[in-house]
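Everything in the sequence shown is counted per our numbering, starting at -12 for the first residue and increasing by one. All C-beta atoms in this analysis are idealised placements derived from N, C-alpha and C, irrespective of residue type, glycine included. Because the structure is a prediction, the values reported are computed rather than measured. So the structure is just underneath, and the comments pick up after that.
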Amino acid sequence: MSQKILEYPMSTFPVINPATEQHLADVHDATSQDWMQALSDAVTAGQSWSQVTPRQRATVLNDIFAAVAEREDDFATTMTKEMGKPLREARGEVAYGNEYFRWFAEEAVRIDGRLAQSPAGVGTILVTHEPVGPVLAITPWNFPLAMATRKIAPALAAGCSIIVKPAQETPLTMVLLGEVIAEVLRKHNIDEKLVQVITTSHASDMSKELMADPRLRKVTFTGSTGVGRHLVRQSADNLQRTSMELGGNAPFVVAEDADLDLVLTCALQAKMRNGGEACIAANRFLVASSIEEEFTKRLTEHMEGVVMGDGMDDATTLGPIITKKQRDGIAELVDDAVSKGAQVLTGGTIPEGKGFFYPATVLTKLPKDARILSEEIFGPVATVTTFDSLDEGIAMANDTEFGLAAYGFSENIHTAQKLAKELKAGMVGINRGAISDPAAPFGGIKQSGFGREGGSEGIEEYLDIKYIALQ
Ligand code: NAD
-12 MSQKILEYPM STFPVINPAT EQHLADVHDA TSQDWMQALS DAVTAGQSWS
38 QVTPRQRATV LNDIFAAVAE REDDFATTMT KEMGKPLREA RGEVAYGNEY
88 FRWFAEEAVR IDGRLAQSPA GVGTILVTHE PVGPVLAITP WNFPLAMATR
138 KIAPALAAGC SIIVKPAQET PLTMVLLGEV IAEVLRKHNI DEKLVQVITT
188 SHASDMSKEL MADPRLRKVT FTGSTGVGRH LVRQSADNLQ RTSMELGGNA
238 PFVVAEDADL DLVLTCALQA KMRNGGEACI AANRFLVASS IEEEFTKRLT
288 EHMEGVVMGD GMDDATTLGP IITKKQRDGI AELVDDAVSK GAQVLTGGTI
338 PEGKGFFYPA TVLTKLPKDA RILSEEIFGP VATVTTFDSL DEGIAMANDT
388 EFGLAAYGFS ENIHTAQKLA KELKAGMVGI NRGAISDPAA PFGGIKQSGF
438 GREGGSEGIE EYLDIKYIAL Q
């Protein structure tokens, strides 16, 4: 098949530290030749890998887990420098992201099938699974390691090769992971093209060309809903399978009888983890009116205790926002709400000086038409709105086009069950502020996408079903 080779003026692109605005590195800016070659190599590497026994695949995955753990410091430091999160949180992401290798090492040997009798007595039904084929993974900047390991680990466990395209803002963590994985593969005499990291500033061209090639069989994407829709449309011509982990607008519903100490701890986790730059971050605190005053007062005190600064400083609990553009977008959402009558209890102003910082902010008295209530904030801004009855609170929670995560708090078993049942999201935390777990299926409904990552469900995204009719 002949491919049009696109020409670009630059062969590298820069990576910037968002805390200092300093130049960190230049990385290779891949072009058409690079990614088309990567696909050919992925086809070859995948064919051999699909023949490797499940137990051997598990051994390789366990060795990757050990190799990443050994380099924890390097991964965490790289991530803090290119993405901004506090070093303690970066270490947390290395541990969490790496767990996917261990989890899917355990899943690799449990790819089961099914045997059934035909009710009409016309034979036996045998159901088996086969690797879907070469995978393209496209990942965002907010969790530079974990958003990719969730894809690489199940793809390898299933017997697939994978090409990973990290976000342009944070390629260094993935380049390091690519090196660590290649070393493990070499030790096992496995083609190191099984996992390839392609850094490029031409994401749109790359996805277009690769997806136009029928040899690519699967696209797994984490990022914004707009790009997700574009990729799904693009998958139509070759009917590639797709998994879409997209945006969120998580409600955090606090019933009248909730344990406020627990609520505050979880509110801080759900709002401030990763500086609010998380798809499952609490976007809207919806609080029973009888407890709103106390909740808001205590939340504001906690937010005032947040220490903003360079993630490399031990004292820092809130790093910078990834880019100036993203930071200014958060400021615009706050300013829009304030211009329509919202009240700022703390924060709300861009600080002077270097770095793309935005302070921990609490907003109340939000008008219904404030954009911040319907758009994903992706920053350290908490909005507090009240409800009079739980049904009203749940209706407000569900009044969004998104459906990724939702949180509900109550000490009453019936209320907790009602929240679990009626909150419309792919994931619901009940009296919990941190819900991600490699052993659980992560993913959304509605405009938050489809497909699941992690759990025993995660590997299914990389397997085709084959039905064999036996006499
Ligand atoms: P983004 O959609 O702008 O970019 C994500 C990735 O897609 C990047 O690698 C980017 O280079 C690439 N990309 C952009 N345009 C493309 C195109 N036309 N073709 C192919 N690739 C393209 O998102 P972002 O700003 O990096 O990340 C933030 C978004 O990600 C938020 O909406 C957030 O909710 C979402 N997110 C979702 C999850 C989840 O699991 N559901 C997890 C983390 C982040």
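Decide if residue i is buried, meaning its Cβ has at least 16 other Cβ atoms within 10 Å, or exposed.
i	result
T40	exposed
K284	exposed
P338	exposed
E166	exposed
D16	buried
K138	buried
P354	exposed
I455	exposed
I452	exposed
L143	buried
I400	exposed
P425	buried
P238	buried
N176	exposed
E288	exposed
V474	The displayed coordinates of the chain run from -12 to 458. Any statement about residue 474 would go beyond what the structure contains.
A53	exposed
G100	exposed
L457	exposed
T301	The question names Thr, but residue 301 in the sequence shown is Asp. The residue in question, D301, is exposed, as its Cβ has fewer than 16 Cβ neighbours within 10 Å.
P367	buried
Q434	buried
T111	exposed
E57	exposed
K72	buried
H189	buried
Report the three-state DSSP secondary structure of residue i (helix, strand or coil).
i	result
S(-11)	Caution applies to S(-11), whose pLDDT of 38 falls short of 50 and renders its modelled position unreliable; the model cannot decide the point.
P5	coil
D451	strand
V171	helix
L132	coil
A25	helix
F62	helix
E232	strand
D301	coil
T18	coil
D200	coil
A223	coil
V497	Past the boundaries of the shown model lies residue 497; the chain is included only from -12 to 458, so the question cannot be answered.
L11	strand
K152	strand
Q458	coil
E339	coil
V184	strand
V371	strand
V162	helix
T283	helix
A145	helix
I309	coil
A107	coil
K157	One detail in the question is off: residue 157 reads as Thr in this sequence, not Lys. Three-state result, T157: coil.
E444	coil
T(-1)	strand
G33	helix
G262	helix
G366	coil
Could you pull the start and end residues of the alpha helix (DSSP H) that residue i belongs to?
i	result
G380	377 to 385
N85	74 to 95
A254	247 to 259
I359	358 to 361
K205	Careful: K205 lies outside any alpha helix (DSSP H), inside the beta strand (DSSP E) at 205 to 209.
V294	Taken as a continuous stretch (DSSP letters only), V294 belongs to no alpha helix (DSSP H), as it is neither H nor E.
A56	41 to 57
Consider the C-beta atom of residue i and the heavy atoms of the ligand HEM; say whether any pair is separated by less than 7 Å.
i	result
Q183	Among the ligands modelled here, namely the ligand NAD, the ligand HEM does not occur.
Need the endpoints of the beta strand (DSSP E) that residue i sits in, please.
i	result
E117	111 to 118
A412	Segment: none, A412 is in no beta strand (DSSP E) and carries neither H nor E.
Q104	101 to 104
P238	237 to 241
N270	269 to 275
A392	392 to 396
V349	348 to 351
Q330	330 to 333
A124	122 to 125
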